Amino acid sequence: MKGLNNIVNRDNYNYYFYFDVENTKIRQDLTLVNNYRITPEVKFEKKSFLKKRRDITLNYNFLKKLGFRESEILLLEKKKIYLIDHDNICRSKIKIVEVKMVDRSSLISIE
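For the sequence shown, the residue numbers in the numbering used here are -8 to 102.
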């Protein structure tokens, strides 16, 4: 899912990847933030860009197979994460947007 996170710049989104916990109705999510103040890098690449980088490209199905905790660890240790939104694919160009992972390990519980 994606949701708009900036009224001024309508190209900024939060991306949510949901993981279901087995045999429960609980859902965990990873949040990737794209905001021009935090992640200003936006690139337009040819579609051949994906073929050349197939070995380092991850998709949602791979992350679901990997699981929530492992996916979170994998994404948090990366220096830069680029997201390809299918809404931003044109005939010959792909818009690649830098995103940041929300790190919940630094959050404090209020219980």
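Positions of the beta carbon are idealized from the N, C-alpha and C atoms, including for glycine. Model, not experiment: these values are computed from the prediction.
V88 sits buried, since 16 or more C-beta atoms from the chains shown fall within 10 Å of its C-beta. Here the C-alpha atom of Y51 lies approximately 23 angstroms from the C-alpha atom of R82. The beta carbons of Y7 and T22 sit closer together than 8 angstroms. Residue pairing of V90 in beta bridges, as defined by DSSP: I72. For the pair I85 and I75, the CB atoms are nearer than the 8 angstroms cut-off. In this model, R18 and G58 are separated by some 12 angstroms (Cα to Cα). Using a Cβ distance threshold of 8 angstroms, K91 and V24 count as a contacting pair. C-alpha of Y9 to C-alpha of K55: approximately 8 angstroms in a straight line. Distance from the CA of S62 to the CA of R44, rounded to the nearest whole angstrom, comes to 19 angstroms. CA-CA distance, K34 to I47, rounds to 17 angstroms. With respect to the 8 angstroms criterion, N3 and Y27 are classified as neighbours on the basis of their beta carbons.
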